[in-house]
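Asks: In the order they appear, the protein sequences are chains A and B.
Quick note on numbering: the first sequence equals residues 1 to 347 in the numbering used here.
Quick note on numbering: the second sequence equals residues 1 to 262 in the numbering used here.
Glycine included, each C-beta is placed from N, C-alpha and C at the ideal position.
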Amino acid sequence: MLSDLTASTRRLALVGLAKNTGKTEALAALLRELQDAGRRVGVTSVGRDGEERDVIDARIEKPRVRLPAGSLVATTDGLLRASGISYELIEDTGVRTPLGRVLIARVSSSPSDPAGAIEVAGPSAAADVRAVSDAMLAHGAEQVLIDGAIDRRAASSPDVADGLIVATGAVLDREIDEVVLQTRDAVDLVRLPLVDDAFHTAAEDERLTLPPRFALTAEAGQIAQLLDEHPTARWLIVAGALPDRFLRSLLHPVHRRGRELVLVVSDPTKVFLWKRGPEWYRRQGILLRTLRRIELEALTVNPVAPQSHSFDSAQLRALLAEAIPDVPVFDVLDPGYAGAREPARTR
Amino acid sequence: MHEVDLAAVKPYADHLDDGLVQMSFTLPIPYSLAARRAALELAGAMGFEEPEVVHYEQLTEGYTYFVMYGRCTQTVDFAALQGEGFDIEYMNEDEVERFAREHLGRRVVVVGASTGSDTHSVGIDAMLNLKGYHGHHGLEGYRCFQTYNLGSQVPNSVLVAKAIEVGADAILVSQTVTQQNLHIHNLTELVEMVEAEGMRGQMILACGGPRVTGELAKELGYDAGFSKGTEPHHLATFIVRELAARADSPAPASPAAQSAPA
Chain A
1 MLSDLTASTR
11 RLALVGLAKN
21 TGKTEALAAL
31 LRELQDAGRR
41 VGVTSVGRDG
51 EERDVIDARI
61 EKPRVRLPAG
71 SLVATTDGLL
81 RASGISYELI
91 EDTGVRTPLG
101 RVLIARVSSS
111 PSDPAGAIEV
121 AGPSAAADVR
131 AVSDAMLAHG
141 AEQVLIDGAI
151 DRRAASSPDV
161 ADGLIVATGA
171 VLDREIDEVV
181 LQTRDAVDLV
191 RLPLVDDAFH
201 TAAEDERLTL
211 PPRFALTAEA
221 GQIAQLLDEH
231 PTARWLIVAG
241 ALPDRFLRSL
251 LHPVHRRGRE
261 LVLVVSDPTK
271 VFLWKRGPEW
281 YRRQGILLRT
291 LRRIELEALT
301 VNPVAPQSHS
311 FDSAQLRALL
321 AEAIPDVPVF
331 DVLDPGYAGA
341 REPARTR
Chain B
1 MHEVDLAAVK
11 PYADHLDDGL
21 VQMSFTLPIP
31 YSLAARRAAL
41 ELAGAMGFEE
51 PEVVHYEQLT
61 EGYTYFVMYG
71 RCTQTVDFAA
81 LQGEGFDIEY
91 MNEDEVERFA
101 REHLGRRVVV
111 VGASTGSDTH
121 SVGIDAMLNL
131 KGYHGHHGLE
141 GYRCFQTYNL
151 GSQVPNSVLV
161 AKAIEVGADA
171 ILVSQTVTQQ
181 NLHIHNLTEL
191 VEMVEAEGMR
201 GQMILACGGP
211 RVTGELAKEL
221 GYDAGFSKGT
231 EPHHLATFIV
241 RELAARADSP
251 APASPAAQSA
261 PA
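Shown next as structure tokens:
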């Protein structure tokens, strides 16, 4: 079960590869399992969770979030009041969001009817997410679940969370093979290898820290010039964001010089890829390496693309397990899932 | 006269809480007594009590137009909505200038663009350019703002770099959001790049577009969302107030906030 696998992760992030990949279903399953195990959790969301309908496509119904008594939650004053649940106010975090101020509260009675479900909308900014997570741990939560939003990854940074669950699903593409490929690329990025020892022992001229914002704006000519000025540089260190645009601009200079380059980022959330994954860039002679790793603990799948197509859950899981061998894959709504309580709902 | 119960408000017609609603609609059926009956049944299905057709007529061959009354049995909790910040009192241009002078004491730098493949710059232009919108100056016309309008089809990385370079207090991005993941991805990527550059705490991020709501802005990771009907002074009000609020009570970016009193 998801909860067993992630039991030792104090701050656990859930990130979806797109909207409607079943991230909130995974959260709901975790909450049920943790409740059964009698573990006290804290919950926050970088977006909004437990809303009845999708914010973009109102035809899509979303799973509700229910919290047992004793749980801690970070959400806005308005959503807390609207939930109708009883709670004890623990802290006003001072964080402002478009939906109101974020408070930390302790649920004092468990709602039995669906009307008692709660919408969770905590801080958005990574530093605030970390602060609120630590506050909930300090107030007695044994584990904090940080739900992501849409395809946002910042909360999975090691600066914020200790481990990660990635949600993927049929919504990525109509072709099952393409879903698998895109998921594999995304997982490759999440699990970027650490820089090897050679980096740490390399000579000064082999390591080059790019000037501030160079990776954001540099055009091919500037890149060629930089490489020529540093002919022995093998590791390019990027302090901030590394956009796909820069990697594409590197292709030509790298090919022409027949030089293999290693781009070093502070963690995988700093890398922004569009169509190609790390493996494709590796074949072009551009390696991506990180100074800090993200602990990917599980993948969850939603085999259904709302208002569109669906795949066979077992087949999708099998293909993913084959392409990504060492990460457990779950469909929390599949009747065969160990934590399944009731037959899978129609989605 | 008894008082309005703000926690359970009903429509008002002749007297308080009568719940009377007037509605009009057209059904694609021929003008007839059967059509009148159909309208009554439909209103009943909508949950109206004592539905009544007060007027109906043929709109054109095969179409009938109805005006109806009905009693609404539901109520709405207005009291709970009052504290939700829906009705922000916007300052006008002069008030914004004065507020900025008194509370900020410096020029506020705003960088805006339509990002990615979006070619629509009209929203950004209306907010930022001197000409403005609806008889209101854009932010460029304010003394307290220093604006940079980068135009349309701007890559997120270029927008972020420019914002950092000029020390932006706020980034304003416009995007026509559709159900396509691409537009959504464009908006989330900007937020994530600002995070990756370590600048999220220093910048206000606002997004605008025809379908942007507060809920969507929250999911996307923005501090505010602006949609149809937004005028430049609304945006200006939000930016100067938010900056002042941040200066007063910096968000708890460190675990030290744990010790805050309950």
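Report all residues from its chain with a CB closer than 6 Å to the CB of A/A167; omit the five preceding and five following residues, and keep chain order.
Replies: So the qualifying residues of the chain are G16, T21, G22, K23, A26, T300.
Asks: How many whole angstroms separate the CB atoms of A/V129 and A/V195, which I take to be in contact at a CB cut-off of 8 Å?
Replies: A/V129 to A/V195, Cβ: 26 Å. No contact.
Asks: Of the choices A/I324, A/P123, A/D177, A/I146, whose alpha-carbon is the least far from that of B/K264?
Replies: Outside the shown range of chain B, which is 1 to 262, sits residue 264 of chain B, and nothing can be said about it.
Asks: Quick check on B/M23: buried or exposed, where buried means 16 or more other Cβ atoms within 10 Å of its Cβ?
Replies: By the neighbour-count rule (16 or more Cβ atoms within 10 Å), B/M23 is not buried but exposed.
Asks: When burial is assigned at 16 or more other CB atoms within 10 Å of the CB, is A/E260 buried or exposed?
Replies: exposed
Asks: What I want to know is whether the C-beta of A/A117 ends up closer than 7 Å to one or more non-hydrogen atoms of the ligand GDP.
Replies: The model on display carries no ligand, and the ligand GDP is accordingly not part of it.
Asks: At least one CB of chain A closer than 8 Å to the CB of B/H234: is that the case?
Replies: no
Asks: Going by the beta-carbon positions, is the gap between A/R360 and A/Q225 smaller than 8 Å?
Replies: The requested residue 360 of chain A does not occur in the structure, where chain A is confined to residues 1 to 347.
Asks: Does the beta carbon of B/R241 sit closer than 8 Å to a beta carbon anywhere in chain A?
Replies: no
Asks: If I'm right that B/P30 touches B/L139 with Cβ under 8 Å, what's the distance once you round it to whole angstroms?
Replies: Not quite, the Cβ-Cβ distance comes to about 56 Å (not below 8 Å), so this is no contact.
Asks: Quick one: give me the first and last residue of the alpha helix (DSSP H) that B/G123 is part of.
Replies: 122–128
Asks: Expressed to the nearest angstrom, what Euclidean distance is found between the alpha-carbon atoms of B/N73 and B/L81?
Replies: Note that residue 73 of chain B is Thr in the sequence shown here, rather than Asn. Taking the straight line from one Cα to the other gives about 20 Å.
Asks: Cα separation between B/V158 and A/R245?
Replies: 10 Å
Asks: Using alpha carbons as the reference points, say which of A/G240, A/L250, A/T209 lies closest to A/Q222.
Replies: A/L250
Asks: Within 8 Å, do at least three Cβ pairs link the stretch 200–218 of chain A to the stretch 306–317 of chain A?
Replies: no
Asks: As a quick exercise: from A/L72, A/I85, A/A125, A/D326, pick the residue whose alpha carbon is nearest that of B/L220.
Replies: A/A125
Asks: Could you pull out every residue in the same chain whose Cβ sits closer than 6 Å to the Cβ of B/R57, ignoring the five residues on either side in sequence?
Replies: The question names Arg, yet the displayed sequence has Glu at residue 57 of chain B. Taken in chain order, the residues that qualify are Y65.
Asks: What is the DSSP secondary structure of A/T93, counted as helix, strand or coil?
Replies: strand
Asks: Just to make sure I have the definition right: I need the residues of chain B whose C-beta is within less than 8 Å of the C-beta of A/T97. Which are they?
Replies: K218, D223
Asks: To the nearest angstrom, how far is the alpha carbon of B/S121 from that of B/N156?
Replies: 15 Å
Asks: Name the residue from B/V4, B/L40, B/R36, B/R143 whose alpha carbon lies nearest to the alpha carbon of B/E97.
Replies: Per the Cα distances, B/R143.
Asks: Taking buried to mean at least 16 other C-beta atoms within 10 Å of its own C-beta, is A/A239 buried or exposed?
Replies: buried
Asks: Closer than 8 Å by beta-carbon distance: list the chain A residues that pair up with B/G198, in chain order.
Replies: G240
Asks: Using a Cβ distance threshold of 8 Å, determine whether the stretch 124–135 of chain B contacts the stretch 181–196 of chain A, with at least three qualifying pairs required.
Replies: no
Asks: Could you name the residues of chain B that A/F311 contacts, counting a contact when the two beta carbons are closer than 7 Å?
Replies: Under the 7 Å cutoff, chain B gives no residues; its nearest Cβ is about 18 Å from A/F311.
Asks: Shorter than 8 Å from the beta carbon of B/V298 to some beta carbon of chain A?
Replies: What is shown of chain B runs 1 to 262, which leaves residue 298 of chain B out entirely.
Asks: Report the residue from B/A45, B/M68, B/G47 whose alpha carbon sits nearest the alpha carbon of B/V53.
Replies: B/M68
Asks: Roughly how many angstroms separate the alpha carbons of B/L172 and B/G208, rounded to a whole number?
Replies: 8 Å
Asks: Taking only three categories from DSSP, how would you classify B/E95?
Replies: helix
Asks: Around the Cβ of A/A305, are there at least 16 other Cβ atoms within 10 angstroms (buried) or fewer (exposed)?
Replies: By the neighbour-count rule (16 or more Cβ atoms within 10 Å), A/A305 is buried.
Asks: Just the C-alpha distance for B/A100 and B/A244, rounded to the nearest angstrom, thanks.
Replies: When rounded, the distance between both Cα atoms is 8 Å.
Asks: So if I threshold CB-CB distances at 7 Å, which residues from the stretch 212–231 of chain A count as touching chain B?
Replies: So the close ones are R213, L216, T217.
Asks: What does the alpha-carbon distance come out to for the pair A/T80 and A/E119?
Replies: Rather than Thr, the amino acid found at residue 80 of chain A in this sequence is Leu. Taking C-alpha positions only, A/L80 is separated from A/E119 by approximately 8 Å.
Asks: Excluding the five sequence neighbours on either side, which residues of its own chain have a C-beta within less than 6 Å of the C-beta of B/H15, listed in chain order?
Replies: none
Asks: Counting only Cβ pairs nearer than 7 Å, list the residues of chain A close to B/H185.
Replies: Going along chain A in sequence order, the residues near B/H185 (Cβ under 7 Å) are D151.
Asks: With a cut-off of 8 Å, does the C-beta of B/T176 fall near any C-beta of chain A?
Replies: no
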